[in-house]
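Protein chains in written order, with the working numbering: chain A, 1 to 271; chain B, 1 to 271.
There are 2 protein chains.
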Amino acid sequence: STEQAFVTLATNDSYARGAMVLGKSLRNHKTSKKLVVLVGPHVSDQSRAVLHKIFDEVRLVDVLDSGDTAHLAMMKRPDLGVTFTKLHCWTLTHYSKCVFMDADTLVVSNIDELFDREELSAAPDPGWPDCFNSGVFVFRPSNETYGKLLQYCTEHGSFDGGDQGVLNGFFSDWATADINKHLPFIYNMSSIAIYTYLPAFKQYGANAKVVHFLGQMKPWSYTYNLTQRTLRGDVQASSQPGFLLQWWALYSAEVLPMLVREYGDQPFISG
Amino acid sequence: STEQAFVTLATNDSYARGAMVLGKSLRNHKTSKKLVVLVGPHVSDQSRAVLHKIFDEVRLVDVLDSGDTAHLAMMKRPDLGVTFTKLHCWTLTHYSKCVFMDADTLVVSNIDELFDREELSAAPDPGWPDCFNSGVFVFRPSNETYGKLLQYCTEHGSFDGGDQGVLNGFFSDWATADINKHLPFIYNMSSIAIYTYLPAFKQYGANAKVVHFLGQMKPWSYTYNLTQRTLRGDVQASSQPGFLLQWWALYSAEVLPMLVREYGDQPFISG
Ligand SMILES: O=c1ccn([C@@H]2O[C@H](COP(=O)(O)OP(=O)(O)O)[C@@H](O)[C@H]2O)c(=O)[nH]1
Ligand SMILES: O=c1ccn([C@@H]2O[C@H](COP(=O)(O)OP(=O)(O)O)[C@@H](O)[C@H]2O)c(=O)[nH]1
Ligand SMILES: [Mn+2]
Ligand SMILES: [Mn+2]
Numbered sequence: 001s002t003e004q005a006f007v008t009l010a011t012n013d014s015y016a017r018g019a020m021v022l023g024k025s026l027r028n029h030k031t032s033k034k035l036v037v038l039v040g041p042h043v044s045d046q047s048r049a050v051l052h053k054i055f056d057e058v059r060l061v062d063v064l065d066s067g068d069t070a071h072l073a074m075m076k077r078p079d080l081g082v083t084f085t086k087l088h089c090w091t092l093t094h095y096s097k098c099v100f101m102d103a104d105t106l107v108v109s110n111i112d113e114l115f116d117r118e119e120l121s122a123a124p125d126p127g128w129p130d131c132f133n134s135g136v137f138v139f140r141p142s143n144e145t146y147g148k149l150l151q152y153c154t155e156h157g158s159f160d161g162g163d164q165g166v167l168n169g170f171f172s173d174w175a176t177a178d179i180n181k182h183l184p185f186i187y188n189m190s191s192i193a194i195y196t197y198l199p200a201f202k203q204y205g206a207n208a209k210v211v212h213f214l215g216q217m218k219p220w221s222y223t224y225n226l227t228q229r230t231l232r233g234d235v236q237a238s239s240q241p242g243f244l245l246q247w248w249a250l251y252s253a254e255v256l257p258m259l260v261r262e263y264g265d266q267p268f269i270s271g
Numbered sequence: 001s002t003e004q005a006f007v008t009l010a011t012n013d014s015y016a017r018g019a020m021v022l023g024k025s026l027r028n029h030k031t032s033k034k035l036v037v038l039v040g041p042h043v044s045d046q047s048r049a050v051l052h053k054i055f056d057e058v059r060l061v062d063v064l065d066s067g068d069t070a071h072l073a074m075m076k077r078p079d080l081g082v083t084f085t086k087l088h089c090w091t092l093t094h095y096s097k098c099v100f101m102d103a104d105t106l107v108v109s110n111i112d113e114l115f116d117r118e119e120l121s122a123a124p125d126p127g128w129p130d131c132f133n134s135g136v137f138v139f140r141p142s143n144e145t146y147g148k149l150l151q152y153c154t155e156h157g158s159f160d161g162g163d164q165g166v167l168n169g170f171f172s173d174w175a176t177a178d179i180n181k182h183l184p185f186i187y188n189m190s191s192i193a194i195y196t197y198l199p200a201f202k203q204y205g206a207n208a209k210v211v212h213f214l215g216q217m218k219p220w221s222y223t224y225n226l227t228q229r230t231l232r233g234d235v236q237a238s239s240q241p242g243f244l245l246q247w248w249a250l251y252s253a254e255v256l257p258m259l260v261r262e263y264g265d266q267p268f269i270s271g
């Protein structure tokens with residue numbers, strides 16, 4: 001196949017809302033690629049119905065879990081073992097090349113140029129910058145690679161208990177081999193940058209193409225006032241209220257009406 | 001010339017203590033390179049005398065200052081304008097190649113292999129990883145480059161008010177041009193990595209070759225108990241008490257006796 005696709009993942013209805021907003025943001029910026037969402041069995045029928053309206057393909061996958069509570073506790077993220085499920089994306093062999101994007105990312109300009117890159121291209125992680133962040137990456141679906149990845153998981157586990165540890169272990173020459181596999185940070189810009197190096201954010205942040213709401217607080221964890229278009233609660237702590245408001249504007253204008261149609265008139269405005 | 005040198009900088013007696021420890025750590029790991037320290041006019045005669053015992057060359061430079069209080073305030077580091085003084089290192093044209101190291105770095109293994117790299121090689125900054133951290137970098141002294149750097153400062157200033165902003169502006173293709181100019185993060189490992197991505201630190205931190213105590217709290221800001229070999233105060237916040245103790249062990253065993261000899265018996269054990 002020569003088809004290409006953006007791929008995301010949601011194992012529950014909260015992350016599904018993230019996937020909906022991501023899908024809409026890709027459409028609004030006129031991507032020419034297919035959109036695929038991998039869903040776990042716990043995603044409700046209503047959420048799936050909405051996902052079907054936004055994505056070209058909604059694919060059911062079984063949930064993989066690292067079961068590695070020790071490493072995940074180190075990051076205070078016991079929930080991340082389930083991110084092993086991400087590895088299923090390599091089985092999408094009816095596409096020649098894909099870009100995986102976390103469900104907590106938001107596209108703010110067309111990024112189809114990412115398909116010029118080769119596997120495995122990704123942006124540096126701001127925590128340990130010789131690791132790539134696994135929230136946005138270019139890959140080639142392949143059952144062979146999928147098999148090797150699962151084998152790697154079995155033999156070596158994940159140094160952080162999540163998919164990022166596995167993928168960095170497996171694609172271990174990312175930091176040293178090929179500069180073209182280093183996506184610019186603006187393709188996976190996380191809020192961490194704002195509080196660790198504010199002047200750089202002020203200098204380069206306006207060029208952001210993808211915003212990544214990584215960490216424990218997700219856009220859908222906040223409560224939004226639909227009439228005032230403001231967020232309630234400790235938004236300062238998020239450090240990127242502007243992007244958060246952008247996420248909520250898109251969610252309330254284009255996703256919420258679809259959810260209301262499926263579910264009835266529950267408000268869906270708080271996390 | 002074909003001589004090569006490690007270069008550091010101290011504009012006051014506090015940073016001079018850092019430079020002494022750095023110099024000792026390079027000697028202890030048997031570097032074959034020359035050691036140079038640039039000193040500002042405020043460094044005392046006694047400190048200079050000690051520096052002369054550790055370094056091959058102690059070179060007086062005038063203090064440059066960015067005078068850019070606005071950007072520095074953003075980082076809560078009003079003191080960093082003076083880091084423009086670092087640019088003087090390009091005038092060391094009696095060396096063919098040099099490695100600059102901040103006075104708040106500590107070498108924990110031989111790193112002479114850095115001289116195989118070309119200008120400008122540096123490790124990614126964990127805050128905005130498409131910027132390099134200017135605490136450790138490989139460069140070629142050149143009066144021409146020095147002139148261009150000063151001109152760049154005049155025309156563009158520094159986006160962060162310090163030397164890192166200037167150098168990243170000037171060597172602006174670092175993130176995209178040549179993977180060989182990306183030093184592994186273990187050549188400039190900062191404590192930020194510990195609290196932002198602890199599992200990666202546990203996985204890779206043991207390979208550290210250079211520890212960088214960046215940020216407001218420097219090793220010499222703490223108070224050390226010489227008999228118990230422990231640090232007083234809020235050491236947790238530093239997140240790398242192990243490396244801090246290593247710094248203090250070296251300082252107290254090898255630098256303090258030299259300072260005492262020059263100054264008399266003042267204790268020099270608190271910041
Ligand atoms: O319970 C979960 C946790 C994660 N994910 C998926 O795995 C990705 C990675 O997790 P997360 O974004 O929470 O990790 P972070 O970026 O905060 O490290 C998410 O974006 C989702 O696509 C999911 O579907 N369900
Ligand atoms: O008052 C100062 C501030 C800085 N420096 C030199 O400039 C370097 C960079 O400053 P610093 O290490 O404080 O910055 P950080 O690494 O914390 O960003 C120091 O290591 C010193 O070599 C100096 O000599 N005097
Ligand atoms: Mn994420
Ligand atoms: Mn420093």
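Ideal Cβ positions, reconstructed from N, Cα and C, are used throughout, including at glycine. Just so it is clear, the structure is predicted and the values come from calculations on it, not from any experiment.
Compute the minimum distance between the beta carbon of residue i and the heavy atoms of ligand 2, and state whether it is under 7 Å.
i      : result
A:G215 : no
B:G135 : yes
A:L231 : no
B:K86  : yes
A:T8   : no
May I ask you to check if the CB of residue i is nearer than 7 Å to at least one heavy atom of ligand 1?
i      : result
A:Y15  : yes
A:V82  : yes
A:A193 : no
A:N12  : yes
Whole angstroms is fine: what's the gap from residue i's alpha carbon to residue j's?
i      : j      : result
A:K24  : A:S47  : 14 Å
A:S44  : A:E3   : 29 Å
A:S190 : B:A123 : 20 Å
B:W128 : B:G264 : 45 Å
A:T93  : A:L9   : 16 Å
A:Y95  : A:F139 : 10 Å
B:F170 : A:E113 : 27 Å
A:T105 : A:Y251 : 13 Å
A:A177 : A:P184 : 16 Å
A:A206 : A:V107 : 13 Å
A:M258 : A:T31  : 21 Å
B:L214 : A:Q216 : 26 Å
B:T91  : B:A253 : 34 Å
B:Q203 : B:D130 : 23 Å
Would you say residue i lies against chain A (beta-carbon separation less than 8 Å)?
i      : result
B:Y197 : yes
B:F159 : yes
B:W128 : yes
B:T105 : no
B:I54  : no
B:H29  : no
B:A193 : yes
B:H88  : no
If you measure from the beta carbon of residue i to each beta carbon in chain B, is any gap under 8 Å?
i      : result
A:I111 : no
A:D247 : The question names Asp, but residue 247 of chain A is Trp in the sequence shown. No, its Cβ sits nowhere closer than 8 Å to a Cβ of chain B.
A:F201 : yes
A:D125 : yes
A:T176 : yes
A:S152 : Looking at the sequence itself, residue 152 of chain A is Tyr, so the reference to Ser does not match. Not closer than 8 Å to any Cβ of chain B, the Cβ of A:Y152 fails to qualify, so no.
A:F185 : yes
A:H42  : no
A:Y204 : yes
Run the proximity test for residue i: is its beta-carbon closer than 7 Å to any non-hydrogen atom belonging to ligand 4?
i     : result
B:D79 : no
Taking 7 Å as the line, does the beta carbon of residue i fall inside it for any heavy atom of ligand 3?
i      : result
A:D125 : no
A:D343 : This structure does not reach residue 343 of chain A, given that chain A is present from 1 up to 271, and the question cannot be answered.
How about residue i and residue j: do their beta carbons lie closer than 8 Å?
i      : j      : result
A:E57  : A:K86  : no
A:F100 : A:V7   : yes
A:N168 : A:F137 : no
B:D102 : B:G135 : yes
A:C98  : A:P141 : yes
B:I54  : B:R27  : yes
B:T11  : B:V63  : yes
B:V36  : B:A5   : yes
A:I179 : A:K209 : no
Could you confirm whether any beta carbon from chain D is found closer than 8 Å to the beta carbon of residue i?
i     : result
A:M75 : Absent from the structure: chain D. Protein chains present are A and B.
Inset, instruction - State whether the stretch 28-40 of chain B contacts the stretch 240-249 of chain B, with contact taken as three or more CB pairs (one from each stretch) at a distance under 8 Å. - result: no
Legend entry - Inter-stretch contact at 8 Å, needing at least 3 Cβ pairs: the stretch 73-82 of chain B / the stretch 196-206 of chain A: yes
Legend entry - Touch test, the stretch 220-228 of chain B against the stretch 149-164 of chain B, Cβ-Cβ under 8 Å, three pairs minimum: no
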